[in-house]
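Taking it in order: structure first as structure tokens, then the write-up.
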Amino acid sequence: MTPPTATTEAPVSATGVTTPVRAPVVTGLGVLAPTGIGIEEHWSAVLAGRSAIDRITLFDPAPYPVKLAGQVPGFVAKERVPSRLISQTDRWTHLGLAAAEAAIADAGVVPAELPEYEMAVVTSSSSGGTEFGQHEMENLYQHAPDWVGAYQSIAWFYAATTGQISIRHGLRGPCGVLCCEQAGGLDAIGQARRLIRTGAKLVMTGGTDASLCPYGLTAQLTTGQLSTVQDPARAYLPFDAEASGYLPGEGGALLVVEDADAAEARGAGPGYGRVLGYAAAFDPPPGSDRRPVLARTVRSALADAGLDAAAVDVVFADALGVPEADRAEAAALAEVFGPRGVPVTAPKTLTGRLYGGGAALDAATALLALRDQVVPHTAGPAAPASGYEIDLVLGEPRRAELRTALVVARGHGGFNAALVLGHPQQNVPGHNEK
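In our numbering, the protein residues as written are 74 to 507.
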């Protein structure tokens, strides 16, 4: 097995940085997911296979064909977000602000003690402030334009969460947002690594989502990929013969990613893991004779990390739950790793797909798997469908020596992303690892 590369050559950048850099380290996690608020509550639910899928309660789902989703339990914005921001921002941003606060606390970092222009924010968003926008449109159509509040102009905006986190914590370095649906969480982490390579010392990254409102669900239904099965235990079954689509969810995770030298200098400790490699690509349009790009994306991420396929110990799958997409993903993984060549898991069956927050939550879960040396199982599916040559971990978690995890994600419209994460305690011969 080829050991993960902890030191890589930085690409030529706008700032001229070309010196070798150490792989960035993830020092803090903030999780607000249907499986729980906080790292350990989420992780214990994942290991227990405790599903958070249930009937939607944020609004009455009776008129809609999809009535099930994953909702963040017990989240009360006024308990976690400054009151003045609640009326100015959407629930998606409320979740993001709370996750950022938790990630900063978990990292043990005090932003006010660090150079403000060396701290950045990059988040993922799939649809922006959907619920806030719906209410303002209701005011417009049911009343008059002067009923629409001024905050509509910013609360719906894809970068609203990024901006509010930046302002609240004084993170005044480069800020941005990636709008790549489910793949966006990995793209945001990939961009965080780029920023660190070009001078940032700390980046708040990841994503949350909260599209569980009538407007949001109606928009999601247009894909034709949501499951209308009414049994929570059978509605979302990726890679299973009974797969019928996926279920939506809300929440996600934010991560504090730091320059390894800067983290070490402030005494941050080894952290949860390292960002070793990343790649993104775009599928051809429907009907094209060109192949899907997931296998190529995975290979590119591994090459970026300086690894071969044998170095990967676990794959956190995209797991759409749509048979055609599941078949394509299983084929891509078998192509790269060989038939049943690596353990594959999809804990998102417990939460539903969280869109802008989903891949970030998968990355956080993968880091916890590296921390505790265990592969969480995929709850729900009975066995991989015929022809799916993957080692899908089912029934119970699997103990294993985990040094490297691969997270893959695909977003509606053709987005593909792959992220390689490494265990923090790596002793790599031949590299100047401090």
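Heads up, the beta-carbon is just placed ideally off N, CA and C, and yes, glycines get one too.
Note that the structure is a prediction, hence the values are computed from the model and not measured.
- Here G430 carries a helix assignment [DSSP, helix/strand/coil].
- Taking each of A352, G280 and P359 in turn and checking the Cα distance to A368, the smallest one comes out for A352.
- L406 and A482 have their alpha carbons spaced roughly 12 Å apart.
- Distances from the alpha-carbon of W165 to those of G201, R153, S124 and F312 put G201 closest.
- Residue environment analysis places A354 among the buried positions, since at least 16 neighbouring C-beta atoms fall within 10 angstroms of its C-beta.
- Looking at the backbone, the Cα of A473 and that of R347 are separated by about 19 Å.
- Beta-bridge pairing by DSSP links I110 to L105.
- In the structure shown, A118 falls within a helical segment according to DSSP collapsed to helix, strand and coil.
- The beta-carbon separation of G430 and A96, rounded to 24 Å, does not stay under the 8 Å limit for a contact.
- Between P146 and the set T370, G325, L492 and E331, the nearest pair of CA atoms involves G325.
- Taken in chain order, the unbroken stretches of alpha helix (DSSP H) that lie wholly in the segment 272-304 and span 4 residues or more are 287-294.
- In the structure shown, G143 adopts extended strand secondary structure according to DSSP, grouped into three states.
- Counting along the chain, no alpha helix (DSSP H) covers V395, and no H or E run does either.
- Counting only unbroken stretches of 4 or more residues, the alpha helix (DSSP H) elements lying wholly within the segment 215-248 are 225-228 and 233-242, in sequence order.
- Boundaries of the beta strand (DSSP E) around E331: G324 to E331.
- Residue pairing for D464: DSSP places it in a beta bridge opposite P416.
- Nearest in C-alpha terms to Q237, of all of P184, T162 and Y345, is T162.
- With respect to the C-alpha of A335, the residue from L492, S124 and A180 having the closest C-alpha is A180.
- In this structure, the beta-carbon distance from L275 to P247 does not fall below 8 Å.
- For L479, the beta-bridge partners assigned by DSSP are V388 and V493.
- In the DSSP assignment, the residues bridged to F488 are F355 and G484.
- Boundaries of the beta strand (DSSP E) harbouring T196: M192 to S197, taken from the DSSP string.
- When C-beta atoms of the segment 446-460 are compared with those of the segment 214-228, fewer than three pairs fall below 8 Å, so the two segments do not count as touching.
- Residue pairing by DSSP places V448 opposite R471 in a beta bridge.
- In chain order, A382 place their CB closer than 6 Å to the CB of F410, counting only its own chain and leaving out the 5 sequence neighbours on each side.
- A check of alpha carbon separations from S317 across V194, A175, A150 and A398 identifies A398 as the nearest.
- Assignment of V348 by DSSP, reduced to helix, strand and coil, places it in the strand class.
- The residue from E174, T301, S284 and V99 with its alpha-carbon nearest to that of H242 is E174.
- For the 8 Å CB-CB criterion, L393 and V139 do not form a contact.
- The alpha-carbon separation between G322 and A490 amounts to approximately 20 Å.
- For the pair of segments examined, the segment 421-435 was found to touch the segment 194-210: the number of CB pairs separated by less than 8 Å reaches three.
- In the DSSP annotation of this structure, the continuous segment of the alpha helix (DSSP H) that includes I262 starts and ends at G257 to R270.
- Counting only the Cα atoms, A142 lies some 35 Å from A384.
- I129 sits in coil when the DSSP states are folded into three classes, being neither helix nor strand.
- Beta-bridge annotation (DSSP): L251 is paired with S197.
- In the DSSP assignment, D377 falls within the alpha helix (DSSP H) that extends over L367 to A378.
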